[in-house]
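J.:
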Amino acid sequence: MNVPLEESVTLSAKYPSVIDRYFTRRYIQREGKNDTCLLYHSNKICLVTVAKSHAIFEKGSPIRKVNYKVGEKLDRSDNKVLGKKKHGGQYVDEHSILCIVECEDDSVYSIRAGVKGKLIEVNENLIENPQLLFNKAETDGYVAVVLQKLGVECNMSNSVSREEYDKNIEQ
Numbered sequence: 082m083n084v085p086l087e088e089s090v091t092l093s094a095k096y097p098s099v100i101d102r103y104f105t106r107r108y109i110q111r112e113g114k115n116d117t118c119l120l121y122h123s124n125k126i127c128l129v130t131v132a133k134s135h136a137i138f139e140k141g142s143p144i145r146k147v148n149y150k151v152g153e154k155l156d157r158s159d160n161k162v163l164g165k166k167k168h169g170g171q172y173v174d175e176h177s178i179l180c181i182v183e184c185e186d187d188s189v190y191s192i193r194a195g196v197k198g199k200l201i202e203v204n205e206n207l208i209e210n211p212q213l214l215f216n217k218a219e220t221d222g223y224v225a226v227v228l229q230k231l232g233v234e235c236n237m238s239n240s241v242s243r244e245e246y247d248k249n250i251e252q
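Residue numbering for the sequence shown follows the numbering used here, beginning at 82 and increasing consecutively.
Right under this line is the structure:
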């Protein structure tokens, strides 16, 4: 039987994306459709993104600006971490504001961390290209990376799974 190797295997299943393979999605639903999607990795890293049911997507207004200066004296983009233990990272909790998103229709949204830990990095690409937040929310448009405290199990009690979330937004 002389069949080429490529033809001897049938590849019918679609291969899952990197996000689907390595991250666990959890959603935090807030008032005013200010929902957050948290992508948990097994190494305690958590990517904070905007959920697909967020008011930004619903209104469809272009994003004018993503501002990491969330207070008079607090600029998340000034966060500098050093070394193996990530010294110098700002501590955030579930309700800490990571950035403020301003849209062309003058609507303003505060994106919250949703997780307790140390802020490792903010996505500075959003400052120069804020439409990434709208077009590629789970990949290039992530808001920030947070390192959960080691030795503490991640608190997922305030979040829901993807299935529960999809069921909730359909209602």
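Built from N, CA and C at the ideal position, the CB exists for glycine as well.
Look at the Cβ atom of Leu-200, then the Cβ atom of Gly-170, and state whether they are nearer than 8 Å.
T.: yes
J.: Beta-carbon within less than 7 Å of Thr-105's beta-carbon, same chain only, minus the 5 sequence neighbours each way: which residues are those?
T.: Taken in chain order, the residues that qualify are Tyr-121.
J.: Verify whether the separation of the beta carbon atoms of Pro-211 and Glu-185 is less than 8 Å.
T.: In this structure, Glu-185 does not lie closer than 8 Å to Pro-211 by Cβ.
J.: Starting from Gln-229, follow its DSSP beta bridges and name the residues at the other end.
T.: Gly-198
J.: If you reduce the DSSP assignment to three classes, tell me which class Asp-187 lands in.
T.: coil
J.: Would you check if the region 146 to 153 and the region 238 to 249 touch, i.e. whether three or more CB-CB distances between them fall below 8 Å?
T.: no
J.: Mapping DSSP to helix, strand and coil, what is Val-131?
T.: strand
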